[in-house]
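Structure record follows, encoded as structure tokens.
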Amino acid sequence: MSRLSIWIILGVTLTFLIGPFLIVILAGASAGEALSFPPQGLSLKWYAKVFTVESFRASFALSMFLAIFGTLTALLIGIPAAYALNRYDLPWAETIRTIVAAPIIVPGIIVGLALLRYIVVPLNVTITMALFMVHTALVLPYAVRVVSSSLNNLRGDMEEAAVILGCTRFQAFTKVVLPNIRGGILAAFILGFVTSFNEVPASLFLSGPGVRTLPIDMLSYMEITFDPSVAALSAILAFLSVAIVFLAERLLGFSRYV
Amino acid sequence: MSDRFVSLTDLVLSYGSTVAVPNLNLDIHEGELIALLGPSGCGKTTTMRAIAGLLTPTSGSIEIDGRDVTRTPANKRGIGLVFQSYALFPHLSAFENVAFGLRLQKLPDAQVRAKTEAGMATVGLTGFESRKPAEMSGGQQQRLALARSLVMQPKVLLLDEPLSNLDARLRLEMRNELQRVQRDTGVTMVFVTHDQSEALALADRIVLMNDGKIEQLGTARELYAAPETAFAADFMGFENIFHVEGGHLVNGSARLPLGFTTDAPVLAWRPSGVSVGAGPYSGKVRSSSFAGGHREYVLDSPLGEIKADASIETAEVPIGQSIAFDLPQDTARRLMA
Ligand SMILES: Nc1ncnc2c1ncn2[C@@H]1O[C@H](COP(=O)(O)OP(=O)(O)OP(=O)(O)O)[C@@H](O)[C@H]1O
Ligand SMILES: [Mg+2]
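Chains as they are written, first to last, in the numbering used here: chain X, 2 to 259; chain V, 224 to 560.
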């Protein structure tokens, strides 16, 4: 391929990747009253306004809660699951792997609907609880995947060595396995956090009065108020995600695990 | 000194439905250095893992120091195991690797420190305390693994192909090191190898294994000079092995009259036991290679391939030319069928 065509492909790709990002940043920095691009003049007032909107604060808190505790719960289930799948000859290993991966494959919208129709309504589960369950389930596949791949790099004989030196199986796990897959666990946490924080389809069905995740709240805000503050908020969130991934890459070599 | 310090009785070891070791009986003496020798897949590692407690026997029993440990978990057997891959803990410093087992025993810190330092000194690793295993050479890692096991003062130290990951020079060095450590500590050592010369050089006694069974058990001298079966002879360097039928050496359909009478069903000669240059037989030189002290010939004879060593004093016979040779009675090793 010629040099020129490579540059063209690269340019188009970057435009599609970074273009929307730039548009959102600039749209949020508009001095006008309505969301538009190009912005009508430049100001930071919409960026400032984001922090004063009451519902954003509540939904941000909920999204943070779901992302942090949903991911932690997924790890709590996912690490032992990955370990068991990796180290023991389980009879239904393939089936278990498929079930664990299901939430990635099944469209979130179906998961949300099913949960609403068959669990939330009949069992009278609170919306927050249902959201928590969905987010945990959605993050679980990533937790198992990423932790599995770092377990694969860890030879089994290390644990046996620990046992021979006097560890119980459990001690061998905490003293030898966990410290050596720390990077993988952190990577899984970040991946899970971002996945949960950005989740829309399933959460769409699971919103109640005053209970909405941030992305859903932004959608409904936009239905009523068409000002640039949503763009400003999007830009802030995008920066946050990039910062987290950048830090993780810097500190841990995150991309090794994904 | 007990002659039955480690005692394996009617041991059956299997993986699921595959039986790896069908029936093993072996007594290991206290303080000896014994080698499990045999080809790949013959059950050496399996046997080790059973002694260590990492593999539960299907049946049979294991006694260590007079105590039945067949059902004792691996962490309560008081045994050391040096893995072929060393299995060092990559997240811990060399010091902490060695101290790992001591810390589990909840010894006071000062004692842990003292024992660890002594252990590292024993294997010549003083000064490497703060290195991570990944920052050490193969030989240093091997010694670290050894120290980690030794500081636990195990009743028995098992080593699974401890030298196979090292280069030739380091291997010799570590051989001496192992012998020295064994002499100094007096620990009973069982080591696995598929290298005949390593077993001969190191071990007090050699257990030659074949297909999960003990083929022959004896001192290095006994095994080297007096292998009893064709398998043992082959392993000990008798490369020319033939059946005897009615005064003839037989190999498949090929037969050659034997120059002497014998009642042995099988005879074997080392390459050095075949005399080249004179004799009743003749073979065509297929290959010839210089091996320092002697020349190694491969001859195509009516009996098939003959390996023969010749003195380098004699002129080299070119490839393709015929040469006379003999399979003399005095260098023949009589084997069981
Ligand atoms: N985990 C396992 N599952 C099933 N069969 C196994 C397993 N490990 C070993 N075996 C079989 O048991 C037999 C003995 O294996 P073992 O590992 O003890 O051989 P070895 O003498 O140590 O060989 P090597 O010199 O190659 O290490 C082999 O036939 C092997 O295929
Ligand atoms: Mg082996």
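Just so you know, even glycine gets a beta-carbon here, dropped at the ideal spot from N, CA and C. Since this is a predicted model, take the numbers as computed values, not measurements.
Less than 7 Å between C-beta atoms, sequence neighbours within five positions excluded: which residues of the same chain meet that for V:E438?
Counting only Cβ-Cβ distances below 7 Å, and skipping sequence neighbours, we find L431, M432, T452, F454 and A455.
Strictly below 8 Å CB to CB, what residues from chain X border V:N298?
What V:N298 touches in chain X: V164, I165, L166, G167, C168 and T169.
Drop a sphere of 10 angstroms on the beta-carbon of V:E358, count the other beta-carbons inside from all chains shown, and report buried for 16 or more, exposed for fewer.
Exposed is the call here.
With a floor of 4 residues, list each alpha helix (DSSP H) that falls wholly inside the segment 418-506 of chain V, ordered by position along the chain.
Segments of the alpha helix (DSSP H) lying fully in the segment 418-506 of chain V: 419-425, 443-448 and 453-458.
Do V:P377 and V:Q364 have their beta-carbon atoms positioned less than 8 Å apart in this structure?
Not a contact, by the Cβ cut-off of 8 Å.
When the Cα of X:S204 is compared with those of X:L67, X:S151 and X:T72, which residue comes out closest?
When the alpha-carbon of X:S204 is set against those of X:L67, X:S151 and X:T72, the nearest one is in X:L67.
Regarding V:T268 and ligand 2, is the C-beta to nearest heavy atom distance less than 7 Å?
Taken from the Cβ of V:T268, at least one heavy atom of ligand 2 lies inside 7 Å.
Report yes if the CB atom of V:W492 is closer than 8 Å to the CB atom of V:A448, and no otherwise.
Contact annotation: V:W492 and V:A448 have beta-carbon atoms that are not nearer than 8 Å.
Cβ of X:Y119 within 7 Å of any heavy atom in ligand 1?
Incorrect: X:Y119 has no Cβ contact closer than 7 Å to ligand 1.
Interfacial residues, the segment 516-538 of chain V to chain X, with Cβ spacing under 8 Å:
Taking a C-beta cut-off of 8 Å against chain X, none of the residues of the segment 516-538 of chain V qualify.
Kindly list, in the order they appear in chain X, the residues whose Cβ is closer than 7 Å to that of V:L567.
For chain V, the structure presents residues 224 to 560; residue 567 of chain V sits outside this window and is missing.
Beta carbon of V:V508, beta carbon of V:I529: below 8 Å?
Result no, Cβ atoms of V:V508 and V:I529 do not sit closer than 8 Å.
Can you list, in chain order, the residues of its chain whose CB lies under 8 Å from that of X:A163, leaving out five sequence neighbours each side?
The beta carbon of X:A163 lies closer than 8 Å to those of Q172, A173, K176 and V177 in the same chain, with the five residues before and after it left out.
Let me confirm a value: V:P503 is counted as buried when at least 16 other C-beta atoms fall within 10 Å, else exposed. Which label applies?
The C-beta of V:P503 has fewer than 16 other C-beta atoms within 10 Å across all chains shown, which makes the residue exposed.
Roughly how many angstroms lie between the CA atoms of X:G167 and V:L380, to the nearest whole one?
Those two C-alpha atoms are separated by around 15 Å.
Within the present structure, is the beta-carbon of V:E421 separated from the nearest heavy atom of ligand 2 by less than 7 Å?
Outside the cutoff, so no.
Contacting residues, own chain, Cβ-Cβ under 6 Å from X:S230 (five flanking each side not counted):
Excluding residues within five positions, the ones whose Cβ falls inside 6 Å are W47, K50 and V51.
I need the straight-line Cα distance from X:S151 to X:G185, nearest angstrom please.
Whole-angstrom Cα-Cα distance: 6 Å.
Counterpart residues of V:T232 in DSSP-defined beta bridges:
According to DSSP, which records beta bridges pairwise, V:T232 is partnered with V:S284.
Let me check you understand the geometry: is the CB of X:V112 closer than 7 Å to at least one non-hydrogen atom of ligand 2?
Because no heavy atom of ligand 2 lies under 7 Å away, the Cβ of X:V112 does not count as near it: no.
Per the DSSP calculation, V:D523 is bridged to which residue(s)?
The bridge partners DSSP lists for V:D523 are V:K507 and V:E528.
Bounding residues of the alpha helix (DSSP H) (the contiguous stretch that carries V:R294)
Where V:R294 is concerned, there is no enclosing alpha helix (DSSP H), given that its DSSP letter is neither H nor E.
For X:L152, does the three-state DSSP call read helix, strand or coil?
Look at X:L152 here: in three-state DSSP terms it is helix.
Could you check where the alpha helix (DSSP H) with V:N399 kicks off and where it finishes?
Bounds of the alpha helix (DSSP H) holding V:N399 are A391 to T408.
Determine whether the beta carbon atoms of V:Q402 and V:L425 lie at a separation below 8 Å.
Contact flag set, yes.
Residues of chain V with CB under 7 Å from X:P180, in chain order?
The contacting residues are H314.
Mind checking who V:D383 pairs with in its DSSP beta bridge?
Its beta-bridge partners are V:V415.
Reducing DSSP to helix, strand and coil, say where V:F323 ends up.
In this structure, V:F323 counts as helix in the three-state DSSP scheme.
Return the CA-CA distance between V:P541 and V:V521, expressed in angstroms with no decimal places.
In this structure, the alpha-carbon of V:P541 lies about 12 Å from that of V:V521.
DSSP has X:S31 in a bridge; who is on the other side?
Under DSSP, the beta-bridge partners assigned to X:S31 are X:L43.
Using a Cβ-based criterion (distance less than 7 Å to any ligand heavy atom), does V:V415 qualify as near ligand 2?
Yes, the Cβ of V:V415 comes within 7 Å of a heavy atom of ligand 2.
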